[in-house]
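Per my numbering, the sequence shown starts with residue 388, numbered consecutively. In what follows, a structure is listed as structure tokens, so that the remarks can point back to it.
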Amino acid sequence: MTEKRPAVFLDRDGVLSREKGYVHSIEEMDIFSYAGVCVEQIKKKGYYAIVVTNQSGIARGFFSEQALQEMNAYLIKTVGVDAVYYCPHYPSGVVNQYRKICNCRKPKPGLLNRAMEDYPIDKGRSYMVGDRAADILAGQQAGMRTILLESGYGTSRLEEDVRPDYILNDLRDVISILPDQNK
Ligand SMILES: [Zn+2]
Numbered sequence: 388m389t390e391k392r393p394a395v396f397l398d399r400d401g402v403l404s405r406e407k408g409y410v411h412s413i414e415e416m417d418i419f420s421y422a423g424v425c426v427e428q429i430k431k432k433g434y435y436a437i438v439v440t441n442q443s444g445i446a447r448g449f450f451s452e453q454a455l456q457e458m459n460a461y462l463i464k465t466v467g468v469d470a471v472y473y474c475p476h477y478p479s480g481v482v483n484q485y486r487k488i489c490n491c492r493k494p495k496p497g498l499l500n501r502a503m504e505d506y507p508i509d510k511g512r513s514y515m516v517g518d519r520a521a522d523i524l525a526g527q528q529a530g531m532r533t534i535l536l537e538s539g540y541g542t543s544r545l546e547e548d549v550r551p552d553y554i555l556n557d558l559r560d561v562i563s564i565l566p567d568q569n570k
């Protein structure tokens with residue numbers, strides 16, 4: 388049996404790339420210059436680096452699931468994350484196939500739970516990193532520690548009162564507080 392490792396779960400927009408509303412294509416993705424180095428450090432410290440992202444733009448008819456899959460492949464290739472899990476749903480979307488109340492749209496913990504079924508992840512040592520209340524709530528519901536970053540919408544725009552374990556500026560600060568699992 389493979390030994391379990393913890394994971395750092397990362398929201399995409401506002402964490403790995405600039406928050407700019409619905410991003411339709413690779414060309415529009417504005418990946419932070421430090422994202423690749425930070426992901427490399429996360430993995431070196433003994434963690435999986437897994438993206439979990441709400442992509443309701445698919446249900447809203449703004450872009451196709453295939454376009455998102457191209458963006459995901461690009462993210463894996465250029466930033467080096469292990470996997471990308473996404474929720475394409477939205478309860479009042481316009482595309483029938485994706486219009487539903489699901490269990491994967493954050494703040495629900497479905498994407499995190501799915502990743503933990505696919506990978507041997509030690510939840511107790513894992514973190515959820517995001518820039519919105521929904522990220523923090525999903526992490527807490529999944530039973531892991533949470534880190535709120537101010538590199539996205541900023542804490543002044545938080546939709547709900549949340550109590551993350553850490554509030555940091557951006558992903559670079561996560562590297563400084565992340566315990567090294569090799570020691
Ligand atoms: Zn969903």
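The beta-carbon is built from N, C-alpha and C at its ideal position, and this holds for glycine as well. Please read these numbers as outputs of a predicted model, since none were measured by experiment.
Inset, instruction - Mark I534 as exposed unless 16 or more other C-beta atoms lie within 10 angstroms of its C-beta, in which case mark it buried. - result: Counting from 1 along the sequence shown, the entry for residue 534 is found at position 147. Of the other Cβ atoms in all chains shown, 16 or more fall within 10 Å of the Cβ of I534; this residue is therefore buried.
Inset, instruction - State the beta-bridge partners of N441 as determined by DSSP. - result: Residue numbering aside, residue 441 sits at position 54 when the sequence shown is read from its first letter. Under DSSP, N441 takes part in a beta bridge, and its partners are C474.
Inset, instruction - Look at the alpha carbon of C425 and the alpha carbon of V561, and state the distance between them as a whole number of angstroms. - result: The count along the sequence shown starts at 1 and reaches residue 425 at position 38. The count along the sequence shown starts at 1 and reaches residue 561 at position 174. So the alpha carbons of these two residues sit roughly 8 Å apart.
Inset, instruction - State yes or no: is the C-beta of R447 nearer than 6 Å to some heavy atom of ligand 1? - result: Taking the sequence shown and counting its residues from 1, one reaches residue 447 at position 60. Within 6 Å of the C-beta of R447 there is not a single heavy atom belonging to ligand 1.
Legend entry - Neighbourhood of K391 by C-beta distance below 6 Å, restricted to the same chain and skipping five residues each side: Your numbering for residue 391 matches position 4 in the sequence shown. Contacts found: P507, D509.
Inset, instruction - Confirm, please, whether the CB-CB distance from M458 to I488 is below 7 Å. - result: Within the sequence shown, residue 488 is the residue found at index 101, counting from 1. Within the sequence shown, residue 458 is the residue found at index 71, counting from 1. It is not a contact, given that the beta carbons lie outside the stated cut-off.
Legend entry - Distance cut 6 Å, beta-carbon to ligand 1 heavy atom: residue list by chain order: Listed by chain position, these are C474, H476, C489, C491, R492.
Inset, instruction - Would you mind reading off the limits of the alpha helix (DSSP H) that contains T542? - result: Locating residue 542 in the sequence shown gives position 155, where the first residue counts as 1. Following the DSSP letters along the chain, one finds T542 in no alpha helix (DSSP H), marked with neither H nor E.
Legend entry - Burial state of N441 (16 or more Cβ within 10 Å): Numbered from its first residue, the sequence shown carries residue 441 at position 54. So N441 counts as buried.
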